[in-house]
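A quick write-up on the structure given underneath.
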Amino acid sequence: MSVVILLILASLAVGLVFVGAFVWSVRSGQYEDTLTPSLRVLLDDPTPRIHSQPAGRTAAPGPVAENKPRRGKNIATNRESQDEPII
Amino acid sequence: MNIETFKYDNRIVRAFAIATVIWGIVGMLVGLLAAVELFYPGANLNFQFITFGRIRPLHTNAVIFAFVGNGMFMGIYYSLQRLCKARMFSDFLSWFNFWGWQSIIVAAAITLPMGFTTSKEYAELEWPIKIAIAIVWVAFAVNLFGTIAKRREKHMYVAIWFYISTAITITVLHVTNSMTMPAGWFKSYSMYAGVQDALVQWWYGHNAVAFFLTTPYLGLMYYFLPKAANRPIFSYRLSIIHFWALVFLYIWAGPHHLLYSALPDWAQSLGMVFSLMLIAPSWGGMLNGLLTLRGAWDKVRQDPVLKFMVAAVTAYGMATIEGPLMSIKTVNSLSHYTDWTIAHAHGGALGWNGFLTFSVLYYVFPRLYKTSLWSTKLANYHFWLGLLGIIFYIVPIYVAGITEGLMWKQFNKDGFLQYPNFLESIIQVVPMFRLRSIGGTLYLIGVFMMAYNLYRTAKAGQFEPDTEAQAPALEKVEAPHGKLAFHRLLEGKPLFFTALAVVAILVGGMVEIIPIFLIKENVPTIANVKPYTPLQVLGRDIYIREGCLGCHSQMIRPFRSETERYGEYSKAGEYVYDHPFLWGSERKGPDLAREGGRYPAAWHFNHLDDPRSTSPGSIMPRYSWLLTQKLDRESLPARLAALRRVGVPYPDGFENGPAQKDLDAEAAKIVADLKQGAVTCEPDREIVALIAYLQRLGTDIRSAPVAAQ
Numbered sequence: 004m005s006v007v008i009l010l011i012l013a014s015l016a017v018g019l020v021f022v023g024a025f026v027w028s029v030r031s032g033q034y035e036d037t038l039t040p041s042l043r044v045l046l047d048d049p050t051p052r053i054h055s056q057p058a059g060r061t062a063a064p065g066p067v068a069e070n071k072p073r074r075g076k077n078i079a080t081n082r083e084s085q086d087e088p089i090i
Numbered sequence: 022m023n024i025e026t027f028k029y030d031n032r033i034v035r036a037f038a039i040a041t042v043i044w045g046i047v048g049m050l051v052g053l054l055a056a057v058e059l060f061y062p063g064a065n066l067n068f069q070f071i072t073f074g075r076i077r078p079l080h081t082n083a084v085i086f087a088f089v090g091n092g093m094f095m096g097i098y099y100s101l102q103r104l105c106k107a108r109m110f111s112d113f114l115s116w117f118n119f120w121g122w123q124s125i126i127v128a129a130a131i132t133l134p135m136g137f138t139t140s141k142e143y144a145e146l147e148w149p150i151k152i153a154i155a156i157v158w159v160a161f162a163v164n165l166f167g168t169i170a171k172r173r174e175k176h177m178y179v180a181i182w183f184y185i186s187t188a189i190t191i192t193v194l195h196v197t198n199s200m201t202m203p204a205g206w207f208k209s210y211s212m213y214a215g216v217q218d219a220l221v222q223w224w225y226g227h228n229a230v231a232f233f234l235t236t237p238y239l240g241l242m243y244y245f246l247p248k249a250a251n252r253p254i255f256s257y258r259l260s261i262i263h264f265w266a267l268v269f270l271y272i273w274a275g276p277h278h279l280l281y282s283a284l285p286d287w288a289q290s291l292g293m294v295f296s297l298m299l300i301a302p303s304w305g306g307m308l309n310g311l312l313t314l315r316g317a318w319d320k321v322r323q324d325p326v327l328k329f330m331v332a333a334v335t336a337y338g339m340a341t342i343e344g345p346l347m348s349i350k351t352v353n354s355l356s357h358y359t360d361w362t363i364a365h366a367h368g369g370a371l372g373w374n375g376f377l378t379f380s381v382l383y384y385v386f387p388r389l390y391k392t393s394l395w396s397t398k399l400a401n402y403h404f405w406l407g408l409l410g411i412i413f414y415i416v417p418i419y420v421a422g423i424t425e426g427l428m429w430k431q432f433n434k435d436g437f438l439q440y441p442n443f444l445e446s447i448i449q450v451v452p453m454f455r456l457r458s459i460g461g462t463l464y465l466i467g468v469f470m471m472a473y474n475l476y477r478t479a480k481a482g483q484f485e486p487d488t489e490a491q492a493p494a495l496e497k498v499e500a501p502h503g504k505l506a507f508h509r510l511l512e513g514k515p516l517f518f519t520a521l522a523v524v525a526i527l528v529g530g531m532v533e534i535i536p537i538f539l540i541k542e543n544v545p546t547i548a549n550v551k552p553y554t555p556l557q558v559l560g561r562d563i564y565i566r567e568g569c570l571g572c573h574s575q576m577i578r579p580f581r582s583e584t585e586r587y588g589e590y591s592k593a594g595e596y597v598y599d600h601p602f603l604w605g606s607e608r609k610g611p612d613l614a615r616e617g618g619r620y621p622a623a624w625h626f627n628h629l630d631d632p633r634s635t636s637p638g639s640i641m642p643r644y645s646w647l648l649t650q651k652l653d654r655e656s657l658p659a660r661l662a663a664l665r666r667v668g669v670p671y672p673d674g675f676e677n678g679p680a681q682k683d684l685d686a687e688a689a690k691i692v693a694d695l696k697q698g699a700v701t702c703e704p705d706r707e708i709v710a711l712i713a714y715l716q717r718l719g720t721d722i723r724s725a726p727v728a729a730q
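So the sequences go chain by chain: Y and G. At position 25 of the first sequence the residue is numbered 28 (this note's numbering), and the sequence of numbers has no breaks. At position 444 of the second sequence the residue is numbered 465 (this note's numbering), and the sequence of numbers has no breaks.
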């Protein structure tokens with residue numbers, strides 16, 4: 004069963020990499036803000052703002068908000084198409 | 022503020038999306054053929070390349086690595102760029118990843134039906150393809166880390182962490198489990214033997230499910246579910262806990278695939294305990310996904326994308342509570358080797374991976390083509406048909422699995438097995454196999470509907486090869502602790518080759534180290550256990566080539582119901598020369614660990630030629646080509662030499678002369694045995710070697726007491 008040593012070492016090596024990543028993520032401030040990342044992800048659409056923002060709910064402050072999704076338009080069209088009766 | 026303009030690469034996303042649809046259809050068609058062969062064994066048309074044992078690994082590889090693999094790359098390449106606010110690190114690596122991956126899939130689709138297989142589940146591909154996988158995977162990892170390094174968003178969204186864990190862990194798993202000794206271009210022997218090989222394989226197998234089918238798809242869930250619902254994830258904190266708990270727990274759960282086997286008991290218990298702990302993060306993640314939709318269920322009613330996602334996340338929850346439950350030893354004693362395992366796997370594959378892939382495809386296609394989905398109605402039909410397909414697939418297979426488990430264990434009131442003939446349990450569940458194939462057909466029809474819908478969507482829209490985006494540059498100051506230098510290093514062009522070199526060194530190091538401490542271990546603990554004879558080695562390789570272990574286990578568990586049926590339970594010491602181990606994971610036929618001497622050679626001959634001539638109602642395919650094909654003696658020296666190199670004590674020079682004489686003598690003996698059963702056969706046919714191997718199985722230990730007296 005000496006292969007167990009190999010597997011434990013490999014597993015620990017992977018584990019240690021993740022411990023290191025975890026320590027890094029905490030120390031570099033990745034988790035200082037656990038709210039806005041979940042909101043900003045909704046705004047990741049790239050092209051500059053063309054349309055006004057439909058609702059304030061997803062607005063985040065700062066430069067990110069300036070990159071308003073141009074999909075505002077697409078979402079609107081999607082909504083329209085989805086208003087059709089389903090099945 | 023320095024606003025930078027850049028372009029997201031949509032071409033690569035489209036390429037992976039199309040590959041996902043195509044390989045999904047191929048993989049599921051192969052699965053359907055395999056399902057039909059299980060109740061109609063003639064469905065292979067007596068054509069060896071599409072016989073169940075050979076297409077089963079083709080099906081699993083195609084749906085896991087081709088369908089889900091391409092789906093994963095599609096989702097990652099789409100979301101990573103947007104999460105990092107950066108184009109992929111290198112277009113060259115993106116396309117290297119794409120074409121490399123497709124070439125590997127094509128190579129698999131050719132070699133697996135030809136019988137080139139290592140027999141290790143989800144790692145069947147032979148060593149040249151394994152090397153290609155490592156190179157392409159490293160290219161993907163480098164591209165991933167390079168993109169993260171040049172991101173314009175300081176915070177790494179939780180999905181990125183899931184992608185990172187996939188890239189790192191799969192590299193380590195693949196390299197560790199791929200340690201094989203080549204014996205020619207398309208044949209190799211695992212460096213590990215018996216119980217050690219089993220442990221490495223299921224450490225890999227379990228974590229392939231964890232880090233190939235689960236973590237990348239959780240990353241996709243955390244990106245696409247909030248996007249599709251247009252609302253933030255229920256709890257971002259919970260998602261962070263979900264990730265870290267999952268990566269630290271998952272890797273220790275592998276031994277739950279080997280409960281009640283010859284694996285040491287402490288390792289089994291370790292695997293079981295960690296499996297149970299996994300319920301917590303898994304269900305945290307599932308609830309996080311479902312609760313994101315609180316107050317938005319009206320959208321679910323409307324939007325097929327969300328419908329698929331809700332069903333997928335629910336399937337994830339079901340699979341991740343069922344998996345730990347099946348890891349409890351008492352439950353496992355009933356479920357293992359039965360179709361219950363197949364039902365569990367398909368609940369996860371069809372529900373979680375399949376449905377999430379469909380939802381991402383329905384989400385991504387209209388956006389790539391700057392239009393809306395061609396038909397929401399058709400997508401909704403796809404959803405309901407797919408759901409019906411899943412139910413018609415898994416419910417009969419659950420019934421079949423529990424029926425098998427109970428029938429195998431049933432004793433009558435006199436203390437004898439109620440169903441001493443294994444075949445009775447199979448005949449009982451054949452109707453369930455039929456129903457299952459109907460479920461699979463419904464699911465597949467849904468996929469065809471999706472393919473048409475996506476095609477029409479693409480036709481209606483205008484493909485946007487690059488999406489232009491703007492974001493402020495990330496200030497470099499915020500990389501403390503020498504991270505700046507590290508990023509610089511990452512950005513260097515030679516990174517890819519550095520990473521390849523690291524993997525090569527890893528491989529080289531393991532090749533050096535493993536035999537040293539494994540060979541010592543392989544000193545037999547049971548004196549009677551001897552290496553296989555040359556003829557048996559070739560027979561064993563035919564057993565591997567035909568995928569016999571897809572239906573026949575070689576591991577008798579220490580239960581009275583098993584020892585009554587098959588004989589003495591299996592001991593770890595019996596497998597010290599098994600490169601690779603052939604314990605198998607399911608029983609569509611009886612266990613073969615003690616098959617040797619149970620039937621005369623002629624019975625095996627007739628049974629392999631036409632199983633239904635000796636066992637009416639059997640679902641085993643005919644292997645009539647074994648009667649005509651000549652044994653490949655040419656490769657014998659290379660095979661024996663490779664086996665010696667991994668620690669099987671064949672004397673030096675054995676393969677040059679003595680082995681051939683030994684082979685001829687044993688073949689003549691088998692032919693003589695066949696003659697006694699009124700069967701004539703040339704000694705140079707493949708079936709002779711296979712019979713020699715089957716007659717050897719488990720006989721070493723049976724002869725032990727006699728030898729001792």
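For every residue, glycine included, the Cβ atom is placed at its ideal position computed from N, Cα and C. All figures in this text were calculated on a predicted structure; none of them were measured in a lab.
Legend entry - Same chain, Cβ closer than 7 Å to Val334(G), five either side skipped, listed in chain order: Met242, Met307, Gly310 and Leu311
Inset, instruction - For Phe27(G), write down the residues that DSSP places opposite it in a beta bridge. - result: Ala490(G)
Inset, instruction - Identify whether Lys171(G) lies in helix, strand or coil by the three-state DSSP scheme. - result: coil
Legend entry - Rounded Cβ spacing between Ile125(G) and Val157(G) (contact assumed at less than 8 Å): 6 Å
Inset, instruction - Could you list which residues in chain G have their beta carbon closer than 8 Å to that of Leu45(Y), in chain order? - result: Pro247, Lys248, Asn251, Arg252 and Pro253
Legend entry - Cβ contact (3+ pairs, closer than 8 Å) linking the segment 204-221 of chain G and the segment 69-82 of chain G: no
Legend entry - Residues that DSSP places opposite Lys609(G) in a beta bridge: Lys609(G) pairs with nothing; no bridge assigned.
Inset, instruction - Could you confirm whether any beta carbon from chain Y is found closer than 8 Å to the beta carbon of Leu104(G)? - result: yes
Inset, instruction - Name the one or two DSSP bridge partners that Lys651(G) has. - result: Arg706(G)
Legend entry - Where the beta strand (DSSP E) containing Pro203(G) begins and where it ends: Thr201 to Pro203
Inset, instruction - Answer with buried or exposed for Leu46(Y), where buried requires no fewer than 16 other C-beta atoms within 10 angstroms of its C-beta. - result: buried
Legend entry - Closest Cα partner of Phe404(G) within the set Phe454(G), Asn442(G) and Val331(G): Val331(G)
Inset, instruction - Check the Cβ of Leu42(Y) against every Cβ in chain G and list those closer than 8 Å, keeping chain order. - result: Pro253
Inset, instruction - Grab the span of the alpha helix (DSSP H) containing Ser446(G) for me, first residue to last. - result: Phe443 to Ala481
Legend entry - Rounded C-alpha distance that separates Gln483(G) from Tyr384(G): 16 Å
Inset, instruction - For Leu220(G), return the contacting residues in chain Y, with the cut-off set at a CB-CB distance below 9 Å. - result: Met4, Val6, Val7 and Leu10
Inset, instruction - Taking only runs that begin and end inside the segment 107-175 of chain G, name each unbroken alpha helix (DSSP H) of 4 or more residues, in chain order. - result: 112-135 and 148-170
Inset, instruction - From the DSSP output, in three-state form, read off Tyr178(G) for me. - result: coil
Inset, instruction - Taking all protein chains shown into account, decide if Arg315(G) is buried (16 or more other Cβ within 10 angstroms of its Cβ) or exposed. - result: exposed
Inset, instruction - Please state whether DSSP places Phe264(G) in a helix, a strand or coil. - result: helix
Inset, instruction - Compile a chain-ordered list of the residues in the segment 176-190 of chain G whose CB is closer than 9 Å to at least one CB of chain Y. - result: His176, Met177, Tyr178, Val179, Ala180, Trp182, Ile185, Ser186, Ile189 and Thr190
Inset, instruction - Over the uninterrupted beta strand (DSSP E) stretch that includes Tyr553(G), give me the two end residues. - result: Per DSSP, Tyr553(G) belongs to no beta strand (DSSP E) and is neither H nor E.
Inset, instruction - For Leu38(Y), go through chain G and note every residue whose CB falls closer than 7 Å to its CB, in chain order. - result: Tyr257
Legend entry - Contact under 8 Å by Cβ, Ser296(G) with Ser348(G): yes
Inset, instruction - Pair every Cβ in the segment 616-628 of chain G with every Cβ in the segment 709-723 of chain G, then say whether three or more of these pairs are closer than 8 Å. - result: yes
Legend entry - First and last residue of the uninterrupted alpha helix (DSSP H) at Ser634(G): Pro632 to Thr635
Legend entry - Selection from Ala663(G), Arg660(G), Pro658(G) and Val692(G) that minimises the alpha carbon distance to Ile623(G): Per the sequence presented here, residue 623(G) reads as Ala, with Ile not at that position. That would be Val692(G), whose Cα lies nearest to the Cα of Ala623(G).
Inset, instruction - Report the option in Gly560(G), Val89(G), Phe119(G) and Leu246(G) whose CA atom is closest to the CA atom of Leu42(Y). - result: Leu246(G)
Inset, instruction - Please decide whether Ile300(G) counts as near chain Y, where near means a Cβ-Cβ distance under 8 Å. - result: no
Inset, instruction - Please compile the residues from chain Y whose C-beta is within a distance smaller than 8 Å of the C-beta of Trp122(G). - result: Those do not exist, as Trp122(G) stays about 23 Å from chain Y at its closest Cβ, beyond 8 Å.
Inset, instruction - Sort Lys696(G), Gln575(G), Thr649(G) and Gly571(G) by Cα distance to Glu145(G) and report the nearest one. - result: Gly571(G)
Legend entry - Test: Ala288(G) CB closer than 8 Å to a CB of chain Y: yes
Inset, instruction - Report yes if the C-beta distance between Glu589(G) and Leu438(G) is below 8 Å; otherwise report no. - result: no
Inset, instruction - Express the C-alpha separation of Leu220(G) and Thr132(G) in angstroms, rounding to a whole number. - result: 26 Å
Legend entry - Beta-ladder partner(s) of Leu438(G), from DSSP: Phe432(G)
Legend entry - Same chain, Cβ closer than 8 Å to Met428(G), neighbours up to 5 away in sequence not counted: Gln439, Tyr440, Glu445, Ser446 and Gln449
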